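Presented below is the structure to which this report refers.
Number of protein chains: 2
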Amino acid sequence: MESNHTNLRIPGPTPVTPEILKEMSRFMINHRGDEFRQLIESVTERLKTIYETKQDLHILTASGTGAMETAIVNTLSPGDNVLAITIGAFGDRFANIAEIYGADVTILRSALGESTDPDKVTSVLNNNPNIKAVLVTHNETSTGVTNDIESIAKIVKQDFGKLLLVDGVSSVGSVPLKTDDWQCDAVASASQKGWMAPPGLAFLSFSLESWKANASSTMPNFYFDLRQYKKYMEIGQPPWTPNLSLFFALDKALDLMLREGISNIHLRHAKTAQKFRDGVQELGLKLLAKPESASDTITSVLLPDGIQAKDFLTIAKTEHNVELAGGQQSLASKIFRIGHLGLVSDEEITETLSAIKYSLEKLK
Amino acid sequence: MESNHTNLRIPGPTPVTPEILKEMSRFMINHRGDEFRQLIESVTERLKTIYETKQDLHILTASGTGAMETAIVNTLSPGDNVLAITIGAFGDRFANIAEIYGADVTILRSALGESTDPDKVTSVLNNNPNIKAVLVTHNETSTGVTNDIESIAKIVKQDFGKLLLVDGVSSVGSVPLKTDDWQCDAVASASQKGWMAPPGLAFLSFSLESWKANASSTMPNFYFDLRQYKKYMEIGQPPWTPNLSLFFALDKALDLMLREGISNIHLRHAKTAQKFRDGVQELGLKLLAKPESASDTITSVLLPDGIQAKDFLTIAKTEHNVELAGGQQSLASKIFRIGHLGLVSDEEITETLSAIKYSLEKLK
Numbered sequence: 001m002e003s004n005h006t007n008l009r010i011p012g013p014t015p016v017t018p019e020i021l022k023e024m025s026r027f028m029i030n031h032r033g034d035e036f037r038q039l040i041e042s043v044t045e046r047l048k049t050i051y052e053t054k055q056d057l058h059i060l061t062a063s064g065t066g067a068m069e070t071a072i073v074n075t076l077s078p079g080d081n082v083l084a085i086t087i088g089a090f091g092d093r094f095a096n097i098a099e100i101y102g103a104d105v106t107i108l109r110s111a112l113g114e115s116t117d118p119d120k121v122t123s124v125l126n127n128n129p130n131i132k133a134v135l136v137t138h139n140e141t142s143t144g145v146t147n148d149i150e151s152i153a154k155i156v157k158q159d160f161g162k163l164l165l166v167d168g169v170s171s172v173g174s175v176p177l178k179t180d181d182w183q184c185d186a187v188a189s190a191s192q193k194g195w196m197a198p199p200g201l202a203f204l205s206f207s208l209e210s211w212k213a214n215a216s217s218t219m220p221n222f223y224f225d226l227r228q229y230k231k232y233m234e235i236g237q238p239p240w241t242p243n244l245s246l247f248f249a250l251d252k253a254l255d256l257m258l259r260e261g262i263s264n265i266h267l268r269h270a271k272t273a274q275k276f277r278d279g280v281q282e283l284g285l286k287l288l289a290k291p292e293s294a295s296d297t298i299t300s301v302l303l304p305d306g307i308q309a310k311d312f313l314t315i316a317k318t319e320h321n322v323e324l325a326g327g328q329q330s331l332a333s334k335i336f337r338i339g340h341l342g343l344v345s346d347e348e349i350t351e352t353l354s355a356i357k358y359s360l361e362k363l364k
Numbered sequence: 365m366e367s368n369h370t371n372l373r374i375p376g377p378t379p380v381t382p383e384i385l386k387e388m389s390r391f392m393i394n395h396r397g398d399e400f401r402q403l404i405e406s407v408t409e410r411l412k413t414i415y416e417t418k419q420d421l422h423i424l425t426a427s428g429t430g431a432m433e434t435a436i437v438n439t440l441s442p443g444d445n446v447l448a449i450t451i452g453a454f455g456d457r458f459a460n461i462a463e464i465y466g467a468d469v470t471i472l473r474s475a476l477g478e479s480t481d482p483d484k485v486t487s488v489l490n491n492n493p494n495i496k497a498v499l500v501t502h503n504e505t506s507t508g509v510t511n512d513i514e515s516i517a518k519i520v521k522q523d524f525g526k527l528l529l530v531d532g533v534s535s536v537g538s539v540p541l542k543t544d545d546w547q548c549d550a551v552a553s554a555s556q557k558g559w560m561a562p563p564g565l566a567f568l569s570f571s572l573e574s575w576k577a578n579a580s581s582t583m584p585n586f587y588f589d590l591r592q593y594k595k596y597m598e599i600g601q602p603p604w605t606p607n608l609s610l611f612f613a614l615d616k617a618l619d620l621m622l623r624e625g626i627s628n629i630h631l632r633h634a635k636t637a638q639k640f641r642d643g644v645q646e647l648g649l650k651l652l653a654k655p656e657s658a659s660d661t662i663t664s665v666l667l668p669d670g671i672q673a674k675d676f677l678t679i680a681k682t683e684h685n686v687e688l689a690g691g692q693q694s695l696a697s698k699i700f701r702i703g704h705l706g707l708v709s710d711e712e713i714t715e716t717l718s719a720i721k722y723s724l725e726k727l728k
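Rendered as structure tokens:
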């Protein structure tokens, strides 16, 4: 990593190493030719390995939000009863997409900074037998809180047999999510998160159960029509011109990830996150999330009284070369966030904690 | 251009020069920070210069098809009467999107290889007073035929006052399209065409008239909701994480384009296209398009009797390093296509014509 570029500690885009960035500069190829067919097939297979799924997975030229929309509009119909489990801004967004396309959405909301109590999911599903699908965020980027998807999935799938659509944008590839074992019917992610590539591609796993729902789904869609993706994938192509450069980068990033191994990647994220949590607490700061649901990809830290978020973030960036993220919506004046998805060196951890320390001291 | 890479003569992605490709490898930045704000504002302004519009223009992380969908779902409502003028596969796609979202679509179709007779547009609009919007392809990539948008726009806007949505994916930035002067209400394009960048970003101009239509439009959308793009653009951000690398590349490509000048670019495309048309005719081959509507970005050539498209394309690629495009759908066995958008050197023209000549000779 060159020393003259910013230590980018926002929750995506993550810093991308020169080794992967170099692939972004490769010459264009025909996206309807043999070379790209081999590339898309190989990238898709390796994404599936990390997703821990043997079912379908498609790659969209879009941001993560596009994959969340794709999950909804390919499985649901206007008027469908849907439970949206939200623990923050991205959970709200998932619910909002379903509402805009005409679903009848019941919301189960937790306080900001808390994860979802699985018992409450049981209770809402018991009280609303017409619910067809459940939307849930795995890792809430706006608060740095991780939901216990394994427990939630057990309730949604085994106890109630509903469709389970998961926003895994900032979780898959960084923290454990066993798509098939946990019976997640669709899981969205995006290239600029734990995948160590620039933004611009989104991923969506899609189970057999999802395809069954798709057969009777009537929400309109064209660019995000997964049936087109499935049909074209039979000849090793996407339906629309794909972002070739990101396929080249992802090809390299996936090599590195599989060489490291999935459980090693999860372990590394857990260790890095713990170092950040310990470090900010040693500075006397408090964490927004409780220890049991604190995210291993994003840490939210409460701003000390009297410190303005904007001043703090500006000093950290301009004087210490560390770019942190502010809070979103109602948390804007209350927290700052540290992104630690993908590769983070010990040097970057130290530099980040030091930037936080000296920026706060300057503002006291 | 390195000599060991393919002479990519498909209608997008176009070859991208090392100078522009180099920008794709730049380090990530915060897409919600000052540096990106300056970048998106500057890229948007320069795109508008080339679009010849002073109205809105938004940049989507998507393929060109995404921008076509965005034009429709942000202006129309289910049940709206729409005229779709189609001269090939991409015109059919534009009509199809409108139908899927519930529009009542009247189709005006020309024979493959022909452009739209403007008098027929007048006649259809006279006979269908309920039509609210007209969809039209400027340059039909599947046939290499360019529609006379200036004349069609005059009828649609001045004679009938309808909304005019234009697929300019393979035309803007290569051949003349005066967005404001001709009163085009929305014009879609995409980065991998004349813009000389890799695929992954799409552009959509959006007139005041389109915003008026937007106020009462009820087709559902979220990822492609232009109101979100407009709102976020006020603070120099896109609503969803953008493809940063392509913004870097486009920044460089637009510099080169504006240094050359719009009319020089149009002239260069016209000259290059003429060299291709003359060259293939000198080989004794026939063109699909009539001279008056032949595209200056894509040339469709009729395959001689007895020549299989697949064999011909394979030989041109494997033995002569020139990648041509086949025909689409019903034209698959009848034509091949030469893409000549963006930068094309005289050497590449000669190499392409020579590859065509020797590949055909081998198959005789």
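In order, the protein sequences belong to chains X and B.
For what it's worth, my numbering labels the leading residue of the first sequence as 1, then goes sequentially.
For what it's worth, my numbering labels the leading residue of the second sequence as 365, then goes sequentially.
For each residue, glycine too, the CB sits at the ideal point set by N, CA and C.
Bear in mind the structure is a predicted one, so any value in this text is a computation, not a measurement.
Kindly indicate if chain B contains any beta-carbon less than 9 Å away from that of X:Leu267.
As a first step, residue 267 of chain X must be located in the first sequence, where it is residue number 267. It does not: the Cβ of X:Leu267 has no partner Cβ on chain B nearer than 9 Å.
Is the beta carbon of B:Leu705 closer than 9 Å to that of B:Ile671?
Here residue 671 of chain B corresponds to residue number 307 of the second sequence, with the count starting at 1. Here residue 705 of chain B corresponds to residue number 341 of the second sequence, with the count starting at 1. Not in contact: B:Ile671 and B:Leu705 (Cβ atoms no closer than 9 Å).
Are X:Val82 and X:Val134 close, meaning C-beta to C-beta below 9 Å?
As a first step, residue 82 of chain X must be located in the first sequence, where it is residue number 82. As a first step, residue 134 of chain X must be located in the first sequence, where it is residue number 134. In contact: X:Val82 and X:Val134 (Cβ atoms closer than 9 Å).
Please list, in chain order, the residues of the stretch 157-175 of chain X that have any C-beta partner in chain B closer than 8 Å.
none
Determine whether the beta carbon atoms of B:Cys548 and B:Ala517 lie at a separation below 9 Å.
Position 184 of the second sequence, counted from the first residue, corresponds to residue 548 of chain B. Position 153 of the second sequence, counted from the first residue, corresponds to residue 517 of chain B. For B:Cys548 and B:Ala517, yes; Cβs fall inside 9 Å.
Sub-9 Å separation of X:Pro13 and X:Pro199 beta-carbons
For the purposes of this step, residue 13 of chain X is taken as residue 13 along the first sequence, with counting starting at 1. For the purposes of this step, residue 199 of chain X is taken as residue 199 along the first sequence, with counting starting at 1. Yes, the pair counts as a contact, with Cβ atoms nearer than the cut-off.
Tell me whether the stretch 526-538 of chain B and the stretch 667-683 of chain B touch, counting them as touching only if at least three CB pairs, one residue from each stretch, are closer than 8 Å.
no
Report the residue ranges of all alpha helix (DSSP H) runs contained in full by the stretch 138-215 of chain X; include only those spanning at least 4 residues, in chain order.
149-153
Tell me which same chain residues have a C-beta within less than 7 Å of the C-beta of X:Ala95, skipping the five on either side of it?
The residue labelled residue 95 of chain X in the question sits at position 95 within the first sequence. Cβ neighbours of X:Ala95 beyond the five flanking positions: Ala84, Thr86, Val105, Ile107 and Leu135.
N-terminal and C-terminal residue of the alpha helix (DSSP H) that B:Leu590 is part of:
Taking the second sequence and counting its residues from 1, the one referred to as residue 590 of chain B is at position 226. From DSSP, the alpha helix (DSSP H) with B:Leu590 extends over Leu590 to Met597.
Output, in sequence order along the chain, the residues in the stretch 73-97 of chain X whose CB is closer than 9 Å to any CB in chain B.
Val73, Pro78, Arg93, Asn96 and Ile97
As assigned by DSSP and simplified to three states, the class of X:Ile356
Here residue 356 of chain X is taken as the residue at index 356 of the first sequence, counted from 1. If DSSP states are grouped into helix, strand and coil, X:Ile356 belongs with the helices.
Which residue spans inside the stretch 636-721 of chain B form an unbroken alpha helix (DSSP H) run of at least 4?
673-684
Inter-residue Cα distance where the pair is X:Asp117 and X:Leu363:
The count along the first sequence starts at 1 and reaches residue 117 of chain X at position 117. The count along the first sequence starts at 1 and reaches residue 363 of chain X at position 363. Rounded to the nearest angstrom, the two C-alpha atoms are 38 Å apart.
Kindly indicate which three-state DSSP category B:Asn491 falls into: helix, strand or coil?
If you number the second sequence from 1, residue 491 of chain B lands on position 127. Helix.
Give the interface partners of B:Gly706 over in chain X, defined as CB-CB distance under 7 Å, in chain order.
If you number the second sequence from 1, residue 706 of chain B lands on position 342. Chain X residues near B:Gly706: none, gap ~10 Å exceeds 7 Å.
In terms of alpha-carbon separation, which member of B:Pro540, B:Thr486, B:Gly508 and B:Phe391 lies closest to B:Gly625?
One-based indexing of the second sequence puts residue 625 of chain B at position 261. It is B:Pro540.
For B:Glu366 and chain X, any beta-carbon pair shorter than 9 Å?
As a position in the second sequence, residue 366 of chain B is number 2, starting the count at 1. Note that B:Glu366 scores a pLDDT of 41, beneath 50, so its modelled location is shaky and nothing firm can be said.
Contiguous beta strand (DSSP E) assignments of at least 3 residues, all confined to the stretch 431-466 of chain B:
445-450
Residues bridged to X:Leu250 (per DSSP):
Taking the first sequence and counting its residues from 1, the one referred to as residue 250 of chain X is at position 250. According to DSSP, X:Leu250 bridges with nothing at all.
Pull out every residue of the stretch 672-692 of chain B whose Cβ sits closer than 9 Å to any Cβ of chain X, in chain order.
Lys681, Glu687, Ala689 and Gly690
Where the beta strand (DSSP E) through X:Leu8 begins and ends
In the first sequence, counting from the first residue as 1, residue 8 of chain X sits at position 8. Unbroken beta strand (DSSP E) run through X:Leu8: Asn7 to Arg9.
What does the alpha-carbon distance come out to for the pair X:Ser3 and X:Asn321?
Taking the first residue of the first sequence as position 1, residue 3 of chain X is located at position 3. Taking the first residue of the first sequence as position 1, residue 321 of chain X is located at position 321. Per-residue confidence for X:Ser3 stands at a pLDDT of 44, beneath the threshold of 50, marking its modelled position as unreliable; the derived number appears in the next sentence. C-alpha separation (whole angstroms): 10 Å.
Can you tell me which of the three DSSP states X:Leu267 falls into?
Within the first sequence, residue 267 of chain X is the residue found at index 267, counting from 1. Reduced to three states, the DSSP call for X:Leu267 is helix.
For X:Tyr51 and chain B, any beta-carbon pair shorter than 9 Å?
The count along the first sequence starts at 1 and reaches residue 51 of chain X at position 51. So no, X:Tyr51 is outside the interface.
According to the neighbour-count rule (16 or more other Cβ atoms, all chains shown, within 10 Å of its Cβ), is B:Lys418 buried or exposed?
As a first step, residue 418 of chain B is located in the second sequence; it is residue number 54 there, counting from the start. It is exposed - the Cβ of B:Lys418 has fewer than 16 other Cβ atoms within 10 Å.
Rounding to the nearest angstrom, what Cα-Cα distance links X:Ala215 and X:Asn30 in this structure?
As a working mapping, residue 215 of chain X is identified with position 215 in the first sequence. As a working mapping, residue 30 of chain X is identified with position 30 in the first sequence. Computed Cα separation, rounded: 32 Å.
Quick check on the DSSP output: the beta strand (DSSP E) that includes B:Asp468 runs from which residue to which?
For the purposes of this step, residue 468 of chain B is taken as the residue at position 104 of the second sequence. Its beta strand (DSSP E) spans residues Asp468 to Arg473.
According to DSSP, what are the bridge partners of B:Ile414?
Counted from its first residue, the second sequence places residue 414 of chain B at position 50. Answer is none; B:Ile414 lacks a bridge partner.
I'd like to confirm the pairing. Which residues does DSSP put opposite X:Thr61 in its beta bridges?
Residue 61 of chain X sits at position 61 when you count from the first residue of the first sequence. Looking at the DSSP assignment, X:Thr61 forms a beta bridge with X:Leu201.
Where X:Leu112 sits in the DSSP three-state scheme:
If you number the first sequence from 1, residue 112 of chain X lands on position 112. Here X:Leu112 sits in coil by DSSP.
Taking the DSSP output, what are the residues bridged to B:Asp420?
Position 56 of the second sequence, counted from the first residue, corresponds to residue 420 of chain B. BP columns for B:Asp420 point to B:Phe570.
9 Å Cβ cut-off: residues of chain B touching X:Thr65:
Start at 1 with the first residue of the first sequence, and residue 65 of chain X comes out as number 65. Within 9 Å Cβ-Cβ: Phe586, Tyr587, Pro603, Trp604 and Thr605.
Establish whether the CB of X:Asn30 and some CB of chain B are separated by less than 9 Å.
Position 30 of the first sequence, counting from 1, holds the residue named residue 30 of chain X. Yes, X:Asn30 counts as interfacial toward chain B.
Taking 9 Å as the CB-CB cut-off, is B:His369 touching chain X?
Against the second sequence, residue 369 of chain B aligns to sequence position 5. Closer than 9 Å: yes.
Tell me whether the beta-carbon of X:Ser205 lies closer than 9 Å to the beta-carbon of X:Leu57.
For the purposes of this step, residue 205 of chain X is identified with residue 205 of the first sequence, where counting begins at 1. For the purposes of this step, residue 57 of chain X is identified with residue 57 of the first sequence, where counting begins at 1. Yes, they are a contact pair.
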